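Peer 1:
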Amino acid sequence: MPTRSHTVTWESLDGPSPYAGLPGLEAMQRSIADGVQRSPMFALMGIRLVRAEEGLAVMEGEIGEQFYNGIGIAHGGYAATILDAALWNAVRTVMEAGRAHTTLDLKVNYARPLTVASGRVSCEGRVVHRGGRTAIAEARLTGEGGAKLYAHGTSTLMIL
């Protein structure tokens, strides 16, 4: 049986982010413009933040065989991870400087399997509601320019 390997490289950030203390949207837009390296998790999974606007975050990823499960499709955890990232980042766009948030729940609906043939996928997260203590967001994981839905997710996030 042939073998393959997957090497992951990332830049380690010692100390606080250079964007610490900025409002969420400004920090995200600056990091995109500066081409800041991805976190180790995103580097591992081939996920990248590509767009941020108020109430909106767009992540992109590419499915590789390294994400396959025993039945030859990407494990559902890949879709759940990119959905969670888009949902969390969408809420981050509406966070003031000095505020933080964390995921309380994540609901994922799978529409079709992800495979290498899916190519580059896009996950668009949008804030549905931003209150004083919680926020609600929804996201769609699509391919082929939005024509194919792979998964849909919702999340409630606690504002700290």
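To convert, note that position 109 of the sequence shown is 109 in the UniProt record's numbering; the numbers rise steadily by one, no gaps. Beta carbons are placed, not taken as given, at the ideal position from N, Cα and C, and that holds for glycine. If you're wondering where the values come from, they're calculated on a predicted model, not measured in any experiment.
1) Take C123 as the anchor and find which of T134, L106, H152 and E65 has the nearest alpha-carbon.
2) Is A85 closer than 8 Å to M59 when the C-beta atoms are compared?
3) Once you ignore the five residues that flank T156 on each side, which residues in its own chain have a CB closer than 7 Å to its CB?
4) Along the chain, where does the beta strand (DSSP E) containing I47 start, and where does it finish?
5) Taking the alpha carbon of H101 as the point to measure from, which residue in L114, V108, G125 and L87 has its own alpha carbon closest?
6) Comparing alpha-carbon positions, which option in G55, T142, V128 and K148 lies nearest Q29?
7) Can you tell me whether L13 is buried or exposed, with buried defined as 16 or more other CB within 10 angstroms of its CB?
8) Ignoring anything shorter than 3 residues, give me the beta strand (DSSP E) runs that lie fully in the UniProt domain "Thioesterase" (72-147), in order along the chain.
9) Could you check the C-alpha separation between M95 and L25 for me, to the nearest Å?
10) Report the CB separation of Y150 from R112 in whole angstroms; it is logged as a contact under 8 Å.
11) Suppose you measure from the CA of V116 to the CA of I71; what does that come to, to the nearest Å?
12) Quick one: what's got a C-beta closer than 6 Å to V8's C-beta in the same chain, skipping five residues either side?
13) Is it the case that the Cβ atoms of K148 and T154 are separated by a distance below 8 Å?
Peer 2: The short version:
1) H152
2) yes
3) In its chain, beyond the 5 residues on either side, L104, D105, T134 and I136 have a beta carbon closer than 7 Å to the beta carbon of T156.
4) I47 to E53
5) Shortest Cα-Cα distance from H101 to any of L114, V108, G125 and L87 involves L87.
6) Measuring from the Cα of Q29, the nearest candidate turns out to be G55.
7) exposed
8) Unbroken beta strand (DSSP E) stretches of 3 residues or longer found wholly inside the UniProt domain "Thioesterase" (72-147): 101-110, 120-130 and 134-143, given in chain order.
9) One C-alpha to the other measures close to 7 Å.
10) 6 Å
11) 13 Å
12) A43 and L44
13) no
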